[in-house]
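Numbering (our numbering), first residue to last: 18 to 95.
First the structure, in the form of structure tokens, and then the observations on it.
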């Protein structure tokens, strides 16, 4: 039986994939997205690879930059 940590990891991986797909659909590379949110390319790379997690303000800024409503993005996790 999967525990809360397993579900947390599954959701984190799914969120990363959704963010990558949305960034690519917006025609942005990691460097351009980083600049748009006032962060570095490595910041984007780290959360896309699951090396760090986004806090809510960063998630909102990333969503704005890639043209996706945070609620729509999060709704796709279910």
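Glycine is no exception: its CB is placed at the ideal position from the N, C-alpha and C atoms.
- In the three-state scheme derived from DSSP, where H, G and I count as helix and E and B as strand, residue 71 is classed as coil.
- The Cβ atoms of residue 73 and residue 80 lie no closer than 8 Å to each other.
- Under the DSSP assignment, residue 27 falls in the alpha helix (DSSP H) whose first and last residues are 21-42.
- For residue 51, the enclosing alpha helix (DSSP H) starts and ends at 47-53.
- Residue 88 carries a helical assignment under DSSP once its states are collapsed to helix, strand and coil.
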